[in-house]
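In UniProt numbering, the protein residues as written are 1 to 635. Worksheet: one structure, shown below.
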């Protein structure tokens, strides 16, 4: 049988063959034929040995299912544009109003949850977790595999839901929502079982006597019901990330989403519930809460007690809280969580620096990374590039490149028409536009040069949309407000770093934040700089890949504390139970006679304990021998 016939009998190989074949006469070059044959061998080998890219022992066949896509997420949906683009509508104050920030189209409205509503949902989650904690890892893997498979084959629908509710572009949704979520789920499928089941044996005691018969280990058990309070900038990923980690560790989880993205969060939480249900588990294991922020809720009620948001955070059922948000809100969260002594992982904003050393060769290539890292999702990224710090020798050339590229960016919405090339979408809201404009104006007054943008933008096709011009601000200095305050918007600020590595480090560390950073240049120089940056995460000659690599993620200083993601994040959602055991079944600890209550002779007891401590912990062999004899004498 010819290789062409073999290829045609294998659908994946045949698909590749058809793509590579010259359509004019059906011929194929020997080089392309070799590629096809190689791919065929790989496909057949994988089919026989490994059904997917995960460990064979962890592979569980996903269950296929259908999940209805809302009309609002379908292409060319004709929704009504509303004049009052705000989640709070004075004409309907008891409902949260959901709309598309890119177009101003009305999406839906939801009842503002009450404390009683939250109690009911949390109670349901707690009941479901009691049975879920006893599930096998194979059962949990099936849930994750089924969710993984659905996401992989429904990327368009998921991206559109994200775009409708957040205003971002389809490309930004794919990279910032789908890619990172698939990475997290895949990582847990491949490594989660090993992380949670490994026998974490510890060295045990250093005591000379106990080390012979006492062993020590740590086992990781579910905490119970955990909570996550997540921000609006990634409505799919920020919701799914805490969920998949929590349920794989055996917990139930209640997520409180931002009032800005309730519509998409409700859709995505129902997706997870459906996956649980078709896999034979209680869908109440995951719950979603939402409400107005306290400043709006105070207008609706005369209740002088806790706001609904504070009530959620201080709920005694929660054993752990993951908070992703701003520093001002974090103060409220921590204050309320302290009442129930609930541990909190706090991931706040950043002022991440992107450092260009004088050893960088290709500034055009570098500018592409800067553009993506700054303007993706309209700059609304916690680990987005907030400061570009450039060695003096590269400064002017890089600024010239960036000026042309920033001016070429196109704003709009591509949710309905991917044929129209759109580079940057809308921001979630216009409530920070004045602050952004003031930061730019302040910098210019202090000597910075505004080369492009700097203000809000009224889109001719979407006048109700929340658009801010892509902005390039250069000659910024560390003393300016824009260099120390998190922008969280589409503003590219460029600072001179000098030519000395230590001065560049000093400029980077001048920020009160410490979340992430990137450094580009000769590897040895990059390592030197990375070691001295005060931050929680650093990428060398790359941007933000520490997040995709499933390393523990979190910041320091003004960027919060604690970690989620990776092995440490998964273990952080568990109760680390320390267990001490007898290595030898016939040897166990006994209370020596001189120490038995009631004490018969205090002097003898004291000499016994003193000799025991010395024999157990001295570095001197002779001292140990002498004190062992003393023990025997006083026994």
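Even glycine gets a Cβ: it sits at the ideal position worked out from N, Cα and C.
By the Cβ-count criterion, residue 629 is exposed, with fewer than 16 other Cβ atoms from all chains shown falling within 10 Å of its own Cβ.
Residue 534 sits in coil when the DSSP states are folded into three classes, being neither helix nor strand.
Residue 332 and residue 241 have their C-alpha atoms roughly 23 Å apart. Look at residue 513 here: in three-state DSSP terms it is coil, with no helix or strand label. If you look at residue 68, you'll find it isn't in any beta strand (DSSP E); DSSP assigns it neither H nor E. In this structure residue 148 is buried. Its beta-carbon is surrounded by 16 or more other beta-carbon atoms within 10 angstroms. As the crow flies, the alpha-carbon of residue 341 is around 14 Å from that of residue 311. Taking C-beta separations shorter than 6 Å and ignoring five residues to either side along the sequence, the partners of residue 444 in its chain run 450, following chain order. The stretch 157-165 makes contact with the stretch 94-108; the number of CB pairs closer than 8 Å reaches 3 or more.
Between the alpha carbons of residue 455 and residue 462 lies a gap of roughly 17 Å.
The criterion of a C-beta distance shorter than 7 Å is not satisfied by residue 611 and residue 595. Of the residues 323, 247, 179 and 369, the one whose Cα lies closest to the Cα of residue 151 is 179. Counting C-beta atoms within 10 angstroms of its own C-beta, residue 589 has fewer than 16 neighbours from the protein chains shown and is therefore classed as exposed.
The C-beta separation of residue 491 from residue 529 comes to about 24 Å, leaving the pair out of contact by the 8 Å criterion. For a cut-off of 8 Å, the C-beta gap from residue 425 to residue 169 is around 4 Å, short enough to register as a contact. Assigned with DSSP and collapsed to three states, residue 432 falls in coil, not helix or strand. Put simply, the backbone Cα of residue 356 is about 57 Å away from that of residue 621. The residue from 237, 525, 489 and 509 with its alpha-carbon nearest to that of residue 499 is 525.
Out of 73, 110, 345 and 409, the CA that lies nearest to the CA of residue 313 is found in 345. At a Cβ-Cβ threshold of 7 Å, residue 102 and residue 517 do not count as neighbours. Between the beta-carbon of residue 214 and that of residue 583 there is about 7 Å, and that keeps the pair under the 8 Å contact cut. DSSP places residue 624 within a helical segment (H, G or I) once states are collapsed to three.
Here DSSP, grouped into helix, strand and coil, assigns residue 379 to helix.
Closest by C-alpha distance to residue 393, out of 495, 459, 428 and 439, is 495. Nearest Cα to residue 112 within the set 216, 94 and 497: 94.
Residue 215 carries a strand assignment under DSSP once its states are collapsed to helix, strand and coil. For residue 94, the secondary structure class from DSSP, reduced to helix, strand or coil, is coil.
With contacts defined by Cβ atoms closer than 7 Å, residue 567 and residue 195 form a contacting pair. Bridge partners of residue 547 according to DSSP: none are assigned.
Distances from the CA of residue 227 to each of 269, 217 and 122 were compared; the closest alpha carbon is that of 122.
Here DSSP, grouped into helix, strand and coil, assigns residue 410 to coil.
Here the alpha carbon of residue 177 sits roughly 12 Å from the alpha carbon of residue 185.
Annotated three-state conformation of residue 222 is strand, per DSSP. The continuous stretches of alpha helix (DSSP H) do not include residue 87, and DSSP gives it neither H nor E. The alpha carbon of residue 613 has as its nearest neighbour, out of 171, 158, 118 and 210, the alpha carbon of 210. The shortest CA-to-CA distance from residue 406 to any of 415, 379 and 300 is the one to 379.
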